[in-house]
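Right, one structure below, let's go through it.
In the working numbering, the protein residues as written are 7 to 166.
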């Protein structure tokens, strides 16, 4: 019973992140949009790696691909790579301070965007623009409030 309850609460947080990812922003702010879904998945893969793993990342990536009209599998693959790295190193990353975690999360987000660019370059023939990396910076800053917020959520609802 508790397992289904926990999975439902985790799915709810990912769903809220998905809504935030799809909400329209003013055109001038769009290049700075943090990767809400990936940030939430990274939190859960660090907090409960036995629950949120590559399977969650793959399925969530497919949902993002379908919702945004991206080539099918691009977000799935890039999310899975990032979640694999965070979940396989969760014991080390948990011991870092929140500031150190934010820098590391920023590096993971930069990896995500570079992988996504590389795949889209071959699939859609796009060219690199340094603005592609702004979400890594804003995501790094957002980690400083996403981490405590989701930790409070996890503790309040006893998600283990």
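By construction, the Cβ of each residue, glycine as well, lies at the ideal position given by its N, Cα and C atoms.
Item                                                                                                                                                                     : Value
For residue 104, I'd like the list of residues in its chain whose CB is within less than 7 Å of its CB, leaving aside the five on either flank, ordered along the chain. : 150, 153
For the candidate residues 30, 63, 132, whose alpha-carbon lies nearest to that of residue 46?                                                                           : 63
Comparing C-alpha positions only, which one of 162, 114, 20, 84 sits nearest to residue 124?                                                                             : 84
Just how far apart, CA to CA, sit residue 108 and residue 114?                                                                                                           : 10 Å
Comparing C-alpha positions only, which one of 143, 144, 122, 142 sits nearest to residue 134?                                                                           : 122
Taking the straight line between their C-alpha atoms, what separation do you get for residue 141 and residue 164?                                                        : 31 Å
Leaving out the 5 sequence neighbours to the left and right, which residues in its chain are closer than 6 Å to residue 12 when beta-carbon positions are compared?      : 165
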